[in-house]
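Below: one structure, written as structure tokens.
Numbering (this note's numbering), first residue to last: 682 to 966.
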């Protein structure tokens, strides 16, 4: 009987200790979650964007698109960013030009870059232009923080357009190295506006920006450009669809939805001055 009683007492102690350990772990987990939420509430908007990018692009690689949940998460955080959150005002020198007859310089404020993603802000004076270019294998989140900007974007045509029996081969066009693209967007936008998302194969992966007024665009790219990895930026000329073979059958109203794009060298007069971001501090941890 004595042995049975001692065994029972021992098991009772073990159960009590187990319950105490479980309660301690639960309390620690609750405290950890509470502390994490408190840290997030105390984070600056820029810091929250950075932390979200780290999570969303943790597995970033060429042609990889984040999950719908991650896309919504980053879109929501980016949508909440205001110009004051990144220390910008329209009257800053980045947004003015001394000689209106010259093509204005564009300033890129470098915030952060790693193998998975990059963050930065393009500052455009009035009439500033970022020429038509691509984002090979990238998912791009952009937000116009302020100003009015004209955006024209395209997707490559990979299937036959409506009313066209076959895709025209390059050899059948007037210029052999042209490629057919569909116009995705061709309109003015006023900031601040909802973020736009360009996917590797759709959503307007090729685009150009023209500043109607001084404006700023916050860009997040995943993965970033990388020459050694074959993700260089390519620039393009655009030509009307009418520059194609006369044998193509398509209604006139449909023709305005398509253009021919041709690769070109980076425009000599396109100059981007790179500066380090000096807004509210963002800490990597």
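Positions of the beta carbon are idealized from the N, C-alpha and C atoms, including for glycine.
{"Check": "Opposing strand residues paired with residue 899 [DSSP bridges]", "Outcome": "802, 824"}
{"Check": "Rounded separation between residue 904 and residue 956 - CA only", "Outcome": "21 Å"}
{"Check": "Contacting residues, own chain, Cβ-Cβ under 6 Å from residue 900 (five flanking each side not counted)", "Outcome": "801, 823"}
{"Check": "Nearest-angstrom Cα separation, counted from residue 791 out to residue 958", "Outcome": "5 Å"}
{"Check": "Length of the line joining the Cα atoms of residue 928 and residue 891", "Outcome": "Only weak support exists for where residue 928 lies, its pLDDT of 49 falling under 50; the value from the coordinates is given anyway. Cα to Cα, the separation comes out at about 34 Å."}
{"Check": "Proximity winner among 768, 947, 780, relative to residue 914 (alpha-carbon distances)", "Outcome": "947"}
{"Check": "CA-to-CA distance, residue 760 to residue 883, given in whole angstroms", "Outcome": "21 Å"}
{"Check": "Residues that residue 726 bridges to, as DSSP identifies them", "Outcome": "Per DSSP, none; premise fails for residue 726."}
{"Check": "Secondary structure of residue 736, DSSP reduced to three states", "Outcome": "helix"}
{"Check": "Distance between residue 806 and residue 777 (C-alpha atoms, nearest Å)", "Outcome": "5 Å"}
{"Check": "DSSP-derived helix/strand/coil call for residue 852", "Outcome": "Model confidence at residue 852 stands at a pLDDT of 45, short of 50, so the residue's coordinates are unreliable and nothing is read from them."}
{"Check": "Residues near residue 733 by beta carbon distance below 7 Å, same chain, minus five either side", "Outcome": "754, 755, 758"}
{"Check": "Cβ-Cβ separation, residue 726 to residue 752 (assumed contact under 8 Å), whole Å", "Outcome": "Not quite, the Cβ-Cβ distance comes to about 19 Å (not below 8 Å), so this is no contact."}
{"Check": "Length of the line joining the Cα atoms of residue 788 and residue 768", "Outcome": "15 Å"}
{"Check": "6 Å Cβ shell around residue 786 - same chain, five flanking residues per side excluded", "Outcome": "952, 954"}
{"Check": "Helix, strand or coil at residue 890 [DSSP, three-state]", "Outcome": "strand"}
{"Check": "Nearest-angstrom Cα separation, counted from residue 917 out to residue 944", "Outcome": "4 Å"}
{"Check": "6 Å CB neighbourhood of residue 809 in its chain, flanking five on each side removed", "Outcome": "785, 787, 892"}
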